[in-house]
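Residue numbering for the sequence shown follows the UniProt record's numbering, beginning at 1 and increasing consecutively. Every residue gets a Cβ at the ideal spot worked out from N, C-alpha and C, and that includes glycine. This structure is a prediction, so every number in the text was calculated from the model and none was measured.
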Amino acid sequence: ELKQVFEAFDTGGEADGQLDLRELGELMKSMGTSLEKAELLQLVEELDSNGDGAVSFVEFASHMLTDEEDESAEEVAEAIFDMMDADGSGNLTMAEIKAAFASLHTGLSDDDISEIVSRMDADDSGDVDRAEFVQLL
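The following block contains the structure:
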């Protein structure tokens, strides 16, 4: 659901996978919250964890999921896992993990990401399953 909402408002130019100030304002308005420009700027600052001035899907979803008072850390981790698991296989492949880091504009190299995956991949299967991901987070 979150991905569909996000994509519906990611209309700028090439639908670049990021919400700019205008797109975020339109999304908030559709949810019944009309914000002044200063309030929108503050919201972008809160959501934009990598500081690039736009809100990626992962940043948006992380905020929306952690904003729920009754969500446990495990539920949030599982929801993030599901968002990253593009093929729905129940395992995160190296490609899916790289795509998630790319959407955050972390600047991590393939070697850095491989190192992270090797630390997460407790059973050395080459993929990260739900339990490994949730345990790490």
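Pairwise C-alpha distance: Glu96 and Gly126
Translated into the one-based positions of the sequence shown, residue 126 becomes position 126. Translated into the one-based positions of the sequence shown, residue 96 becomes position 96. So the alpha carbons of these two residues sit roughly 12 Å apart.
Leaving out five residues before and five after Val5 in sequence, what residues of the same chain have Cβ atoms less than 8 Å from its Cβ?
Counting from one through the sequence shown, the residue named residue 5 turns up at place 5. The residues are Leu27.
Residues bridged to Gln18 by DSSP?
Reading the sequence shown from its first residue, position 18 is the one you call residue 18. Under the DSSP definition of a beta bridge, Gln18 partners with Ser56.
Looking only at its own chain, which residues have a Cβ that is under 7 Å from the Cβ of Leu47, when we skip the five neighbours before and after it?
Within the sequence shown, the letter at position 47 stands for residue 47. Cβ neighbours of Leu47 beyond the five flanking positions: Val55, Glu59, Phe60, His63.
Per DSSP, Asp129 forms a beta bridge with which residues?
Counting from one through the sequence shown, the residue named residue 129 turns up at place 129. Paired residues: Asn91.
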